[in-house]
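In my numbering, the protein residues as written are 11 to 339.
Following this line, the structure appears as C-alpha coordinates:
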(Lines of atoms letter the chains of each structure in order from A and count residues from 1; the text may use other names and numbers.)
(Lines give C-alpha, C1' and ligand atoms only; values in the text may rest on other atoms or scores of the structure.)
Protein backbone atom coordinates (compact mmCIF):
# COMPACT_ATOMS: atom_id res chain seq x y z
CA UNK A 1 0.00 0.00 0.00
CA UNK A 2 1.34 3.43 -0.94
CA UNK A 3 1.77 5.77 2.03
CA UNK A 4 -0.49 8.81 2.03
CA UNK A 5 1.18 12.09 1.07
CA UNK A 6 1.13 15.01 3.46
CA UNK A 7 -1.44 17.77 3.61
CA UNK A 8 -0.12 21.26 4.30
CA UNK A 9 -1.40 24.00 6.58
CA UNK A 10 -0.11 27.58 6.95
CA UNK A 11 0.60 28.43 10.57
CA UNK A 12 3.27 30.32 12.54
CA UNK A 13 6.25 29.54 14.78
CA UNK A 14 7.83 32.25 16.97
CA UNK A 15 6.39 34.93 14.70
CA UNK A 16 7.61 33.27 11.49
CA UNK A 17 5.23 32.02 8.83
CA UNK A 18 5.39 28.22 8.95
CA UNK A 19 4.06 25.32 6.90
CA UNK A 20 2.82 22.23 8.70
CA UNK A 21 2.97 19.04 6.62
CA UNK A 22 0.91 16.27 8.20
CA UNK A 23 0.35 12.58 7.62
CA UNK A 24 -1.15 10.00 9.95
CA UNK A 25 2.42 9.27 11.14
CA UNK A 26 4.24 12.60 11.21
CA UNK A 27 3.78 16.32 11.71
CA UNK A 28 6.58 18.29 10.02
CA UNK A 29 7.00 22.07 10.34
CA UNK A 30 8.97 24.11 7.77
CA UNK A 31 9.90 27.79 8.24
CA UNK A 32 10.41 29.37 4.78
CA UNK A 33 11.65 32.76 6.00
CA UNK A 34 14.38 31.19 8.14
CA UNK A 35 16.46 29.14 5.70
CA UNK A 36 13.55 26.85 4.78
CA UNK A 37 14.52 25.01 7.98
CA UNK A 38 12.60 21.99 9.18
CA UNK A 39 11.92 23.29 12.67
CA UNK A 40 10.05 20.24 13.95
CA UNK A 41 9.41 16.59 13.16
CA UNK A 42 6.90 15.09 15.57
CA UNK A 43 5.99 11.42 15.75
CA UNK A 44 2.22 11.55 16.07
CA UNK A 45 1.75 8.10 17.61
CA UNK A 46 3.74 8.97 20.74
CA UNK A 47 3.75 12.75 20.49
CA UNK A 48 7.58 12.70 20.51
CA UNK A 49 9.52 15.63 19.09
CA UNK A 50 12.56 14.24 17.26
CA UNK A 51 14.57 17.36 16.45
CA UNK A 52 16.68 19.39 18.86
CA UNK A 53 16.17 23.04 19.75
CA UNK A 54 18.80 25.11 21.63
CA UNK A 55 17.88 26.61 24.98
CA UNK A 56 16.94 29.99 23.42
CA UNK A 57 14.67 28.47 20.79
CA UNK A 58 13.88 30.05 17.46
CA UNK A 59 14.04 33.80 17.90
CA UNK A 60 11.31 35.85 16.19
CA UNK A 61 12.15 37.75 12.99
CA UNK A 62 11.93 41.10 14.75
CA UNK A 63 14.54 40.19 17.43
CA UNK A 64 17.27 42.83 17.48
CA UNK A 65 20.72 41.53 16.46
CA UNK A 66 23.39 41.50 19.13
CA UNK A 67 26.94 42.66 18.42
CA UNK A 68 29.48 39.91 18.00
CA UNK A 69 31.63 37.67 15.85
CA UNK A 70 30.18 35.84 12.81
CA UNK A 71 29.67 32.53 14.68
CA UNK A 72 27.81 34.24 17.51
CA UNK A 73 25.61 36.26 15.14
CA UNK A 74 24.67 33.11 13.22
CA UNK A 75 24.03 30.96 16.29
CA UNK A 76 21.76 33.65 17.76
CA UNK A 77 19.46 33.00 14.78
CA UNK A 78 19.88 29.24 14.54
CA UNK A 79 16.82 27.78 16.29
CA UNK A 80 18.03 24.19 15.86
CA UNK A 81 16.10 21.67 13.74
CA UNK A 82 17.20 20.45 10.32
CA UNK A 83 19.23 23.06 8.39
CA UNK A 84 20.98 23.32 5.04
CA UNK A 85 24.61 24.42 5.24
CA UNK A 86 25.66 25.90 1.87
CA UNK A 87 27.91 27.24 0.32
CA UNK A 88 29.91 26.94 3.54
CA UNK A 89 29.62 24.57 6.49
CA UNK A 90 31.18 25.05 9.88
CA UNK A 91 33.80 27.73 10.42
CA UNK A 92 33.31 31.14 8.87
CA UNK A 93 35.76 32.09 6.13
CA UNK A 94 36.39 34.68 3.43
CA UNK A 95 35.80 33.54 -0.16
CA UNK A 96 35.81 35.70 -3.30
CA UNK A 97 36.32 38.83 -1.23
CA UNK A 98 33.32 38.42 1.09
CA UNK A 99 32.55 36.80 4.44
CA UNK A 100 30.98 33.37 4.16
CA UNK A 101 29.59 33.08 7.64
CA UNK A 102 29.37 30.20 10.07
CA UNK A 103 27.41 27.41 8.33
CA UNK A 104 27.05 29.56 5.22
CA UNK A 105 24.15 31.71 4.03
CA UNK A 106 21.38 29.29 3.09
CA UNK A 107 20.25 28.49 6.64
CA UNK A 108 19.60 32.19 7.26
CA UNK A 109 18.17 33.11 3.82
CA UNK A 110 14.49 33.95 3.19
CA UNK A 111 12.77 31.49 0.83
CA UNK A 112 9.67 31.88 -1.30
CA UNK A 113 7.42 28.84 -1.32
CA UNK A 114 4.66 27.10 -3.22
CA UNK A 115 2.80 23.82 -2.66
CA UNK A 116 4.33 20.71 -4.22
CA UNK A 117 2.97 17.16 -4.37
CA UNK A 118 3.07 15.86 -0.81
CA UNK A 119 4.95 18.87 0.47
CA UNK A 120 6.38 22.24 -0.43
CA UNK A 121 8.89 23.72 -2.89
CA UNK A 122 11.05 26.60 -1.63
CA UNK A 123 13.41 28.87 -3.58
CA UNK A 124 15.89 31.65 -2.88
CA UNK A 125 18.77 33.57 -4.46
CA UNK A 126 21.85 33.86 -2.27
CA UNK A 127 23.43 37.29 -1.80
CA UNK A 128 27.07 36.43 -1.03
CA UNK A 129 27.63 33.68 -3.58
CA UNK A 130 26.38 33.21 -7.17
CA UNK A 131 23.77 30.54 -6.51
CA UNK A 132 20.04 30.06 -6.56
CA UNK A 133 18.77 27.32 -4.25
CA UNK A 134 15.65 25.21 -4.67
CA UNK A 135 14.51 22.94 -1.86
CA UNK A 136 11.66 20.43 -1.90
CA UNK A 137 10.47 19.01 1.41
CA UNK A 138 8.03 16.13 0.92
CA UNK A 139 6.37 13.95 3.54
CA UNK A 140 4.74 10.60 2.89
CA UNK A 141 3.64 8.26 5.66
CA UNK A 142 6.56 8.00 8.08
CA UNK A 143 9.19 9.47 5.74
CA UNK A 144 10.57 12.96 5.09
CA UNK A 145 12.62 13.61 1.94
CA UNK A 146 14.67 16.78 1.41
CA UNK A 147 15.79 17.34 -2.20
CA UNK A 148 17.91 20.36 -3.02
CA UNK A 149 19.18 21.85 -6.25
CA UNK A 150 21.71 24.68 -6.55
CA UNK A 151 22.34 26.55 -9.79
CA UNK A 152 25.52 28.54 -10.43
CA UNK A 153 24.53 31.83 -12.07
CA UNK A 154 27.98 33.45 -11.93
CA UNK A 155 30.97 33.62 -14.27
CA UNK A 156 33.72 31.56 -12.60
CA UNK A 157 33.99 28.20 -10.77
CA UNK A 158 33.25 28.33 -7.04
CA UNK A 159 34.33 25.89 -4.32
CA UNK A 160 31.70 25.02 -1.73
CA UNK A 161 30.93 22.81 1.24
CA UNK A 162 27.38 21.41 1.22
CA UNK A 163 25.99 19.71 4.28
CA UNK A 164 22.59 18.65 5.60
CA UNK A 165 22.32 19.28 9.35
CA UNK A 166 19.51 17.31 11.04
CA UNK A 167 20.06 17.61 14.81
CA UNK A 168 18.17 15.20 17.06
CA UNK A 169 17.40 15.71 20.73
CA UNK A 170 15.87 14.12 23.83
CA UNK A 171 14.00 11.92 24.43
CA UNK A 172 15.23 10.14 21.29
CA UNK A 173 18.81 10.96 22.34
CA UNK A 174 19.74 9.35 25.66
CA UNK A 175 22.12 6.87 27.33
CA UNK A 176 20.20 3.88 25.89
CA UNK A 177 20.38 5.24 22.31
CA UNK A 178 22.49 3.38 19.78
CA UNK A 179 23.92 4.68 16.50
CA UNK A 180 24.67 2.52 13.45
CA UNK A 181 25.87 3.43 9.97
CA UNK A 182 27.10 1.82 6.76
CA UNK A 183 30.70 0.65 7.17
CA UNK A 184 33.14 3.56 7.04
CA UNK A 185 36.31 5.07 8.46
CA UNK A 186 36.35 7.81 11.09
CA UNK A 187 38.47 10.89 10.40
CA UNK A 188 39.39 13.12 13.37
CA UNK A 189 38.78 16.81 13.76
CA UNK A 190 41.77 18.97 12.76
CA UNK A 191 41.59 21.85 15.25
CA UNK A 192 45.18 22.95 14.67
CA UNK A 193 44.82 22.83 10.86
CA UNK A 194 47.45 20.09 10.62
CA UNK A 195 46.53 17.18 8.32
CA UNK A 196 46.21 13.80 10.02
CA UNK A 197 49.06 11.32 9.49
CA UNK A 198 47.72 8.20 11.19
CA UNK A 199 45.38 5.85 9.31
CA UNK A 200 41.79 6.52 10.38
CA UNK A 201 40.10 3.79 12.44
CA UNK A 202 36.92 2.06 11.31
CA UNK A 203 33.47 2.82 12.68
CA UNK A 204 32.59 3.03 15.53
CA UNK A 205 36.06 3.77 16.94
CA UNK A 206 37.03 7.43 17.17
CA UNK A 207 40.29 8.89 18.45
CA UNK A 208 39.76 12.25 20.10
CA UNK A 209 42.21 15.14 19.78
CA UNK A 210 43.59 14.29 23.24
CA UNK A 211 44.26 10.70 22.15
CA UNK A 212 41.37 9.09 24.02
CA UNK A 213 39.26 6.46 22.29
CA UNK A 214 35.46 6.74 21.99
CA UNK A 215 32.79 4.34 20.75
CA UNK A 216 30.61 6.52 18.49
CA UNK A 217 27.81 3.95 18.47
CA UNK A 218 26.93 4.64 22.12
CA UNK A 219 25.70 7.86 23.69
CA UNK A 220 25.78 9.32 27.20
CA UNK A 221 23.36 10.88 29.65
CA UNK A 222 22.60 14.58 29.43
CA UNK A 223 25.10 16.66 31.38
CA UNK A 224 27.73 13.92 31.44
CA UNK A 225 30.35 16.25 29.97
CA UNK A 226 30.86 14.75 26.53
CA UNK A 227 31.58 16.50 23.25
CA UNK A 228 32.51 14.78 19.99
CA UNK A 229 33.24 15.89 16.44
CA UNK A 230 34.26 13.36 13.80
CA UNK A 231 34.04 13.00 10.04
CA UNK A 232 32.90 9.71 8.49
CA UNK A 233 33.98 8.67 5.00
CA UNK A 234 34.95 5.83 2.63
CA UNK A 235 31.51 4.29 2.98
CA UNK A 236 31.33 0.64 1.96
CA UNK A 237 28.08 0.93 -0.01
CA UNK A 238 26.75 3.37 -2.59
CA UNK A 239 23.57 3.83 -0.55
CA UNK A 240 24.54 5.06 2.90
CA UNK A 241 22.19 4.32 5.78
CA UNK A 242 22.41 5.58 9.35
CA UNK A 243 20.14 4.57 12.23
CA UNK A 244 19.61 6.28 15.58
CA UNK A 245 17.49 4.10 17.86
CA UNK A 246 16.27 4.37 21.43
CA UNK A 247 15.07 0.92 22.62
CA UNK A 248 13.48 2.40 25.74
CA UNK A 249 11.15 4.44 23.51
CA UNK A 250 10.86 1.76 20.83
CA UNK A 251 11.54 4.59 18.41
CA UNK A 252 14.26 5.52 15.95
CA UNK A 253 15.13 7.39 12.79
CA UNK A 254 16.92 6.15 9.69
CA UNK A 255 18.76 8.51 7.35
CA UNK A 256 19.59 7.46 3.79
CA UNK A 257 21.52 9.14 0.99
CA UNK A 258 23.72 8.42 -1.99
CA UNK A 259 27.48 8.20 -1.42
CA UNK A 260 27.87 10.02 -4.72
CA UNK A 261 25.78 12.93 -3.43
CA UNK A 262 27.41 13.09 -0.01
CA UNK A 263 30.64 11.07 0.30
CA UNK A 264 31.09 12.10 3.95
CA UNK A 265 29.03 12.57 7.10
CA UNK A 266 29.77 14.82 10.04
CA UNK A 267 29.13 13.37 13.50
CA UNK A 268 28.46 16.07 16.10
CA UNK A 269 27.44 15.16 19.62
CA UNK A 270 27.06 17.25 22.75
CA UNK A 271 26.22 15.91 26.20
CA UNK A 272 27.30 18.90 28.26
CA UNK A 273 30.95 18.97 27.22
CA UNK A 274 31.11 22.52 25.94
CA UNK A 275 30.59 24.49 29.13
CA UNK A 276 31.36 27.95 27.77
CA UNK A 277 29.54 29.72 24.92
CA UNK A 278 27.31 28.73 23.22
CA UNK A 279 25.96 25.72 25.12
CA UNK A 280 27.17 26.37 28.68
CA UNK A 281 26.84 22.65 29.37
CA UNK A 282 23.12 22.56 28.48
CA UNK A 283 23.18 20.97 25.01
CA UNK A 284 22.26 17.32 24.51
CA UNK A 285 22.06 16.70 20.79
CA UNK A 286 23.31 14.36 18.08
CA UNK A 287 23.61 15.37 14.44
CA UNK A 288 24.55 12.94 11.66
CA UNK A 289 25.14 15.25 8.71
CA UNK A 290 25.54 14.05 5.11
CA UNK A 291 28.31 16.24 3.68
CA UNK A 292 30.25 16.91 0.49
CA UNK A 293 33.57 17.31 2.31
CA UNK A 294 35.40 17.98 5.58
CA UNK A 295 36.55 19.52 7.94
CA UNK A 296 34.47 22.61 8.70
CA UNK A 297 35.08 25.72 6.62
CA UNK A 298 35.41 25.43 2.85
CA UNK A 299 38.88 26.99 2.85
CA UNK A 300 40.06 24.32 5.34
CA UNK A 301 38.47 21.51 3.31
CA UNK A 302 40.35 22.76 0.26
CA UNK A 303 43.68 23.14 2.07
CA UNK A 304 43.67 20.21 4.51
CA UNK A 305 41.81 17.38 2.73
CA UNK A 306 41.10 18.47 -0.85
CA UNK A 307 37.41 17.61 -0.40
CA UNK A 308 35.92 20.91 -1.56
CA UNK A 309 33.13 20.63 -4.15
CA UNK A 310 33.69 22.80 -7.25
CA UNK A 311 30.56 23.99 -9.06
CA UNK A 312 30.97 25.53 -12.52
CA UNK A 313 29.08 28.40 -14.19
CA UNK A 314 25.70 27.30 -15.53
CA UNK A 315 25.83 24.01 -13.61
CA UNK A 316 22.89 22.72 -11.57
CA UNK A 317 23.63 20.15 -8.86
CA UNK A 318 20.92 18.17 -7.05
CA UNK A 319 21.26 16.15 -3.83
CA UNK A 320 18.74 14.35 -1.63
CA UNK A 321 18.43 12.94 1.90
CA UNK A 322 15.58 10.79 3.25
CA UNK A 323 14.64 10.32 6.90
CA UNK A 324 12.30 7.52 7.98
CA UNK A 325 10.80 7.18 11.46
CA UNK A 326 10.83 3.57 12.69
CA UNK A 327 8.95 2.10 15.66
CA UNK A 328 9.54 -1.06 17.62
CA UNK A 329 12.67 -2.99 18.56
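Note that beta-carbon positions come from the ideal geometry of N, C-alpha and C, so glycine has one too. Because the structure is a prediction, the values reported are computed rather than measured.
For residue 125, the enclosing beta strand (DSSP E) starts and ends at 122-126. Of the residues assessed, residue 249 falls on the exposed side of the cut-off, its CB having fewer than 16 other CB atoms within 10 angstroms. A direct Cα-to-Cα measurement between residue 328 and residue 156 gives close to 11 Å. When 131, 90, 120, 311 are compared, the shortest CA-CA separation from residue 205 is found for 311. When DSSP states are grouped into helix, strand and coil, residue 180 belongs to the coil group. In the three-state scheme derived from DSSP, where H, G and I count as helix and E and B as strand, residue 15 is classed as strand.
Using a Cβ-Cβ distance cut-off of 8 Å, the region 44-51 and the region 115-132 are in contact, since at least three pairs of beta carbons, one from each stretch, lie closer than that value. Boundaries around residue 264 are those of the beta strand (DSSP E), 261-268, since no alpha helix (DSSP H) includes it. Residue 280 holds the alpha-carbon nearest to the alpha-carbon of residue 234 among 280, 263, 211.
Taking C-beta atoms under 8 Å as the contact rule, residue 173 and residue 299 qualify, at a distance of about 5 Å.
Of all alpha-carbon atoms in 34, 30, 19, the one lying nearest the alpha-carbon of residue 13 is that of 34.
The residue from 146, 201, 323, 275 with its alpha-carbon nearest to that of residue 243 is 275. Contact between the region 87-107 and the region 56-66 is established, with three or more Cβ pairs separated by less than 8 Å.
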